[in-house]
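Engineer:
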Ligand SMILES: Cc1ncc(C[n+]2csc(CCOP(=O)(O)OP(=O)(O)O)c2C)c(N)n1
Ligand SMILES: Cc1ncc(C[n+]2csc(CCOP(=O)(O)OP(=O)(O)O)c2C)c(N)n1
Ligand SMILES: [Mg+2]
Ligand SMILES: [Mg+2]
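Residue numbers (our numbering), protein chains in the order written: chain A, 1 to 397; chain B, 398 to 794; chain C, 795 to 1160; chain D, 1161 to 1526.
Written as structure tokens, this is what we have:
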């Protein structure tokens, strides 16, 4: 475990030039921590590339450009992600799924969060991050099991190193910290991506997770999708800091802001973050500016608390349209690729419709099977009670 | 309720000059939040006054100088506070008190925290802040009741507007926020001083309290006595931020650092903070650098985790000696005043010895009396059970 | 100071319309006289509105309780009527909400706060157990805690994980908290008003599956009852009289117990149903009188049975009515497993059949 | 990477001496063979050291557990022997400690964490209830939670507020947690090793007033027992055999129950004392066998009685042994009031007299 920091207070203005000397990446510690004054944005909403000096980078905040292959692969996932979101919302309307918190509008964040990781890395998602989970390779139908209501989770977290989709806000950030810590103690170079929303940053566990990661100097990337609302509560009621990225400062961590609807910028920022974290520079906080285009879930009525005009404004910044123009202009995306990608997306949608369309019979006795690794006599007794009820019902038929 | 903040992300470097214009007190928002690069220190450990440009102040961080009368009154409380700390430690050794977490070495912080407040203001102390509570006017013997073990608290919080001495770390900061919020809703200009230690800043409630105070723009001063240890754990294991004052940034709040053993600087910084808060500039975070000269409590053995040499270093920065030389040099403190103050301190010590020397008989049935404002039949029944036990014991004598 | 406006300062049509509608509908209900069909949700909403009208120190806050009116709409219209100073959204932090409420109670307010769902009150557990429950006692009553913590709880609505916990036993076990849980629309109004009036902190457990249950209720009569000081604290209700055995239930299990009693009646067995109403304080008298009369009892609750309120009811009744008992007191409770997913909750929850099975086992042959 | 050095980089004499002493004393105990006089504190300490020696994935962390060896010195010497990678201090945040431990358990470690005192585990309540207890179930066993959460609990040491809570009922009521509480020095060793070996999360409740209780214990024999796979989970112990009535106790109340039985014996009454040992899972067989034999029972616990483990014991025993009971099962528990200040705890805690009074009330005349 590495604990960095020199807390001996600089006592006087005169004696203390040492404080100014504490640097990281050639800049002062405070400049390192403070986010760039602007969010990083590489592609305009209309798909045109911004000139380098308009991208918002500052000294100490330089980003590699994603390769063409990476961009194309990411675009494909973006299209699939959008299709999945809309397919799931339809399944909810048809009563095939109980609930679905859609990431419609946030797919660029979803894709980047998963794609920047290597195989041995871990992802800790929330309820809204189904697309990120899928992008990481988890079977789409298994991802949706939780929302169909068969069981509280449908995939094996160890198969693709993806934590459960977590509901109690920011509790999963600490799990991410623990996974990173365990890996570090074993000398593994695992990077952990820990996701949460803007509202969630107000919870105590957010604070504890960032602080633990910083004190133990762990390779955790805290990725906040600032979609402007926590259910009905706008960001201005959640925080009055200049940005959520500024929260990094209190932990001695660097914070960054990025356009969350600009997949190119996201990949650049996230790839760099993963590289830095893997090389041992400690945790990072990234705030992505995006927007929740739909209601919180199908159960929510967003017209109660936000104007249509605001939604329309963000419609114009859609991550898909932007990426499509950019790649087309760049000559990377032709009709053939477009069709191939559309087919892929449709195939996944079909998989979802078919997988979730089936009514898989539930196993009532599973209630008792997994509570403990080593079962208790009490649960055996209760299981037998239910079994005998079921047997009686069966024979009464 | 006032919720300030413009979270609309500055999107581009070119379009966005607005971000630079957001200012407070004539400086940029970030400069306002970031603590001065140095702690504020006005008097050297040897009692000599520092020149203005050595005091560590920076633009936006200018402080009024405390008046002579204020300095003398504060010094008197400092001497009393030290005497009380040492008297209590003696009472613990004699078995008259169960436990005492002494603030020996931190008395300047204790005195300043209480003295900067007006009558209608509130103070929310921790277990270590008995001297601050007394300085605010609470009867010393009542303050110590909790440590003698008669009851969980000995004073009426409403008499002097002082919360209970709180043990669960940083929970009281939220109570402070609530008191300030209630006052603000009624249009009262109450300022609330909320105290905690360096270790406590790691708790989730610290985060939630600062954020609530900032979002609701409440006149709360968060005063962290950074005495370098949380029981055995040094600050470097608690945080790797450049300072604890930097934690203010994440809440859009200003942070400050002050020499916690320099009563002059403390009064200057705290008086200004109270004035600003009362005028409506919102919450503030102040970190005072001080040192816990003794073990955590009498039950602790500090030699297990820190070197004597470190303690000796801080001995040389003692707040009393420093203030004494300063006031003497300034011609404010003469023998007469010194004697008068010593007598005052001795009188308080006597009051403590006498008050705590007596064995006040406890009232066992009080167990049931105050659980609820409106008692329950269950507690009545249980109270009767104990009463009959006591009666039988009595008659068996 | 405008929290109802958007970033650019304009209030938009659809948002203000929703707010206006909410206020209008609240006013309409409030003014109605005579019996009307009301949901538990509306009864709770009206109780808060009435309390806020009567006492300016009553405040309502929590997550999404302002503009949205709460995810269950229980606070619908309160911000519109009382302004954002008295009904408002907080940052998303439950310990913060409860801790701030403690400070407000210290400083003269009567906060009524909402925890969005049962399991989301857990981050506030320390504040609840170590302060809300103990402040009055440790200050010998110098500081009162007139606070209501509303908790939508229990299952039956096909909710996902963490949205269906029956957490009442944690609070009932904590000395210094009162725990209320209404099972009828009228009790929703009565008990919430009493909770708000109380100088003691009340964990107000709202059975979320009953939010949309309806009843004919006369608000005017309930208001008059309230103003006359009628109290339900520590008073269980005989929800259905009977002679052969007693079903002891509370909150979400009361309708299930009543359905079981109705079914049993068809088979010629007369079951008395007790609605406990307030878990703390507990009404030993009414409950034990019933069991002494019938000689048999089943306790019903959704929560896990182990170390729960239902255990307590069994323990105290067997202690107080032992020689009247013809059979052991049985329990029908949630199993000792995490609350299951929507498609499985049916197998977890106490059901009419399971209650009737338990009644059958009460050794009638002896 | 040195956390044992001071700011200026030099390790100081007194600090390193303390560390060296601790390591030496740990080693001395570990090597001793045959019966020796040992405290519960040392037994627990040795159990952790043995587990860490056997399995590199066992980690110990929490507040002050490193250099200081914990405020009760239960982790004394572990950092010295195993290094700061395997025994270390965390920032001061309990939710953080438990949440990080969840992640470590996911990623192959077996964390043994310390909550400094009972009431200071409350900030971690959400992590414990919503994750530690549920992770295995929600992932159908794909993620195991081999984690021990050590909680020094209960009173009897003249502690100030928040340092004496009996919080076991909160955990016992939570489906998915196992709850152990040793009452003897040998069980301290046995049960902690079993808890660390367990793939299930264990709330390990340590009666702090028994930390300095001593017993003759043969560590070699205990180690052999452990290696042979002997288990105490779900196995209550007959701490003292008897015939007239059963005292059912656990943790801190076991010595009190034994003292009561000794006093009763002098008056010619033979009381059997059962030490429950693991509250979850519960040993119905041993407990009910005893009550069936004696026909009378008193349950003893420090915790508030209401909705507690003691309620549960009464409820299940009356259900399973009803027709053997000559009298209602009584409880001697802490009152339903906040744990009192040091000078008053004597009146709160179950005492020999109060137990004997309860035994007297077991309707012997009938
Ligand atoms: C501890 C906790 N409190 C409350 C909730 C209820 N809840 C679910 S989502 C949500 C809003 C979260 O907003 P944000 O973090 O911005 O994420 P988003 O839904 O916008 O993706 C709330 C309040 C919860 N899940 N957990
Ligand atoms: C929630 C909580 N966890 C743990 C403790 C135990 N504890 C009491 S004081 C203390 C150290 C606090 O350190 P700091 O905040 O620096 O204050 P100081 O004692 O140095 O004044 C600890 C861990 C507690 N009181 N509350
Ligand atoms: Mg959001
Ligand atoms: Mg400290």
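Note that CB positions come from ideal geometry on N, CA and C, so glycine has one too. Computed from a prediction, not measured in an experiment: that's the story for all the values here.
1. Ligand 3 and residue 746 (chain B): does any heavy atom of the ligand fall closer than 7 Å to the residue's C-beta?
2. What are the boundary residues of the beta strand (DSSP E) that residue 1365 (chain D) is part of?
3. Whose C-alpha, out of C:1145, C:1099 and C:1137, is nearest the C-alpha of residue 961 (chain C)?
4. Which class does residue 48 (chain A) belong to by DSSP, given the choice of helix, strand or coil?
5. Would a check of beta-carbon distances place residue 1149 (chain C) closer than 8 Å to chain B?
6. From this set, C:1113, C:1050 and C:1144, which residue's C-alpha is nearest residue 1523 (chain D)'s C-alpha?
7. For residue 1151 (chain C), verify whether its CB is less than 7 Å away from any heavy atom of ligand 4.
8. Have a look at the DSSP bridge pairing and note the partners of residue 226 (chain A).
9. Which class does residue 84 (chain A) belong to by DSSP, given the choice of helix, strand or coil?
10. Could you spell out the range, first to last residue, of the alpha helix (DSSP H) harbouring residue 65 (chain A)?
11. With a threshold of 7 Å (Cβ to nearest heavy atom), would residue 564 (chain B) be considered close to ligand 2?
12. Any chance you could list the alpha helix (DSSP H) runs of at least 4 consecutive residues sitting entirely within the segment 907-964 of chain C, in chain order?
13. At a Cβ threshold of 8 Å, is residue 362 (chain A) touching chain C?
14. With 8 Å set as the bound, which would you pick, yes or no: does the beta-carbon of residue 952 (chain C) sit closer than that to a beta-carbon of chain A?
15. Ignore the nearest five residues each way along the sequence and tell me which others in residue 742 (chain B)'s own chain have a CB closer than 6 Å to its CB.
16. Which residues mark the beginning and the end of the alpha helix (DSSP H) in which residue 1350 (chain D) is found?
17. Of the residues that make up the segment 633-647 of chain B, which ones have a beta carbon closer than 9 Å to any beta carbon in chain A?
18. When the distance is taken between beta carbons, is residue 1376 (chain D) closer than 8 Å to residue 1488 (chain D)?
19. Using a threshold of 7 Å, is the CB atom of residue 689 (chain B) nearer than that to any non-hydrogen atom of ligand 5?
20. Just how far apart, CA to CA, sit residue 852 (chain C) and residue 845 (chain C)?
21. So is the beta-carbon of residue 922 (chain C) under 7 Å away from any non-hydrogen atom of ligand 1?
22. Can you pull out the residues from the segment 286-318 of chain A whose beta carbon lies closer than 7 Å to at least one beta carbon of chain B?
23. Could you tell me whether the Cβ of residue 1522 (chain D) comes closer than 8 Å to any Cβ of chain E?
24. Within 8 Å, do at least three Cβ pairs link the segment 646-663 of chain B to the segment 605-613 of chain B?
25. The beta strand (DSSP E) with residue 1069 (chain C) in it runs from where to where?
26. May I ask which residues mark the beginning and end of the beta strand (DSSP E) holding residue 1407 (chain D)?
27. The beta strand (DSSP E) that contains residue 1222 (chain D), what's its start and end?
28. Buried or exposed: which applies to residue 257 (chain A), given that a residue is buried once 16 or more other Cβ atoms fall within 10 Å of its Cβ?
29. For residue 808 (chain C), which residues of its own chain have a beta-carbon under 8 Å away from its beta-carbon, when the five flanking residues on both sides are left out?
30. Could I get the ranges of all uninterrupted beta strand (DSSP E) runs contained in the segment 107-159 of chain A, with 3 residues as the minimum, in chain order?
31. Looking at residue 924 (chain C): is its Cβ nearer than 8 Å to the Cβ of residue 1282 (chain D)?
32. To the nearest angstrom, how far is it from the Cα of residue 50 (chain A) to the Cα of residue 41 (chain A)?
33. Listed in chain order, which residues of the segment 1098-1117 of chain C have Cβ atoms closer than 7 Å to some Cβ of chain B?
34. Please say whether residue 1109 (chain C) and residue 1501 (chain D) have beta carbons closer to each other than 8 Å?
35. Comparing C-alpha positions only, which one of A:199, A:73, A:182 and A:248 sits nearest to residue 886 (chain C)?
36. Measuring alpha carbon to alpha carbon, tell me which residue in B:520, B:549 and B:433 is nearest residue 619 (chain B).
Structural biologist: To lay it out plainly:
1. Indexing the second chain from 1 puts residue 746 (chain B) at position 349. Residue 746 (chain B): no, Cβ never under 7 Å from ligand 3.
2. On the fourth chain, residue 1365 (chain D) is found 205 positions in, with the first residue counted as 1. Boundaries of the beta strand (DSSP E) harbouring residue 1365 (chain D): 1362-1367, taken from the DSSP string.
3. Start at 1 with the first residue of the third chain, and residue 961 (chain C) comes out as number 167. When C:1145, C:1099 and C:1137 are compared, the shortest CA-CA separation from residue 961 (chain C) is found for C:1099.
4. Walking along the first chain from the start, residue 48 (chain A) turns up at place 48. Coil.
5. Along the third chain, read from residue 1 onward, the residue named residue 1149 (chain C) stands at position 355. Closer than 8 Å: no.
6. Position 363 of the fourth chain, counting from 1, holds the residue named residue 1523 (chain D). Looking at the Cα atoms, C:1113 is the closest of the given residues.
7. The residue you call residue 1151 (chain C) lines up with position 357 of the third chain. Every heavy atom of ligand 4 is 7 Å or more from the Cβ of residue 1151 (chain C), so no.
8. Residue mapping note: residue 226 (chain A) aligns to position 226 of the first chain, counting from 1. For residue 226 (chain A), which the question treats as bridged, DSSP gives the partners A:289.
9. Taking the first residue of the first chain as position 1, residue 84 (chain A) is located at position 84. Note: residue 84 (chain A) maps to helix in three-state DSSP.
10. Taking the first residue of the first chain as 1, we reach residue 65 (chain A) at position 65. From DSSP, residue 65 (chain A) is part of no alpha helix (DSSP H); its letter is neither H nor E.
11. Within the second chain, numbered from 1, the residue matching residue 564 (chain B) stands at position 167. At a cut-off of 7 Å, the beta-carbon of residue 564 (chain B) counts as near ligand 2: some heavy atom of the ligand is closer than that.
12. Look at the segment 907-964 of chain C and you find these whole runs of alpha helix (DSSP H), each 4 residues long or longer: 929-932.
13. Here the question's residue 362 (chain A) lines up with position 362 in the first chain. At a cut-off of 8 Å, the C-beta of residue 362 (chain A) has a neighbouring C-beta in chain C.
14. For the purposes of this step, residue 952 (chain C) is identified with residue 158 of the third chain, where counting begins at 1. Interface residue, yes.
15. As a position in the second chain, residue 742 (chain B) is number 345, starting the count at 1. The beta carbon of residue 742 (chain B) lies closer than 6 Å to those of 476, 477 and 480 in the same chain, with the five residues before and after it left out.
16. If you number the fourth chain from 1, residue 1350 (chain D) lands on position 190. Per DSSP, the unbroken alpha helix (DSSP H) holding residue 1350 (chain D) starts and ends at 1345-1357.
17. Within the segment 633-647 of chain B, the qualifying residues are 633, 634, 635, 636, 637, 638, 639, 640, 641, 643, 644, 645, 646 and 647.
18. The count along the fourth chain starts at 1 and reaches residue 1488 (chain D) at position 328. The count along the fourth chain starts at 1 and reaches residue 1376 (chain D) at position 216. The answer is no: Cβ separation not under 8 Å.
19. Looking for ligand 5 in the displayed structure turns up nothing; the ligands present are ligand 1, ligand 2, ligand 3 and ligand 4.
20. Within the third chain, residue 852 (chain C) is the residue found at index 58, counting from 1. Within the third chain, residue 845 (chain C) is the residue found at index 51, counting from 1. Going by the C-alpha atoms only, they are around 7 Å apart.
21. If you number the third chain from 1, residue 922 (chain C) lands on position 128. Shortest gap from the CB of residue 922 (chain C) to any heavy atom of ligand 1: 7 Å or more.
22. Contact residues of the segment 286-318 of chain A toward chain B are 289 (C-beta to C-beta distance below 7 Å).
23. The structure shown has no chain E; the protein chains it does contain are A, B, C and D.
24. Touching, yes, given that three or more Cβ pairs across the two stretches are closer than 8 Å.
25. Translated into positions along the third chain, residue 1069 (chain C) becomes position 275. Note, residue 1069 (chain C): beta strand (DSSP E), 1065-1069.
26. The residue labelled residue 1407 (chain D) in the question sits at position 247 within the fourth chain. Looking at the DSSP string, the run of the beta strand (DSSP E) that includes residue 1407 (chain D) is 1405-1409.
27. Working through the fourth chain from its first residue, we reach residue 1222 (chain D) at position 62. Per DSSP, the continuous beta strand (DSSP E) segment holding residue 1222 (chain D) begins and ends at 1218-1222.
28. Numbered from its first residue, the first chain carries residue 257 (chain A) at position 257. By the beta-carbon neighbour count (other beta carbons within 10 angstroms, threshold 16), residue 257 (chain A) is buried.
29. As a working mapping, residue 808 (chain C) is identified with position 14 in the third chain. Model confidence at residue 808 (chain C) stands at a pLDDT of 42, short of 50, so the residue's coordinates are unreliable; what they give is reported in the following sentence. Correct list: empty, nothing qualifies.
30. Counting only runs of 3 or more, we get 122-124.
31. Walking along the third chain from the start, residue 924 (chain C) turns up at place 130. Walking along the fourth chain from the start, residue 1282 (chain D) turns up at place 122. In this structure, residue 1282 (chain D) lies closer than 8 Å to residue 924 (chain C) by Cβ.
32. In the first chain, the residue the question calls residue 50 (chain A) occupies position 50. In the first chain, the residue the question calls residue 41 (chain A) occupies position 41. Between the alpha carbons of residue 50 (chain A) and residue 41 (chain A) lies a distance of about 8 Å.
33. Residues are counted here when their Cβ sits less than 7 Å from a Cβ of chain B; for the segment 1098-1117 of chain C the count is zero.
34. Looking up residue 1501 (chain D) in the fourth chain gives position 341. Looking up residue 1109 (chain C) in the third chain gives position 315. One thing to note: residue 1501 (chain D) has its Cβ no nearer than 8 Å to the Cβ of residue 1109 (chain C).
35. In the third chain, counting from the first residue as 1, residue 886 (chain C) sits at position 92. Of the listed residues, the one whose Cα sits closest to residue 886 (chain C) is A:199.
36. Translated into the one-based positions of the second chain, residue 619 (chain B) becomes position 222. Residue 619 (chain B) has its Cα closest to that of B:520, out of B:520, B:549 and B:433.
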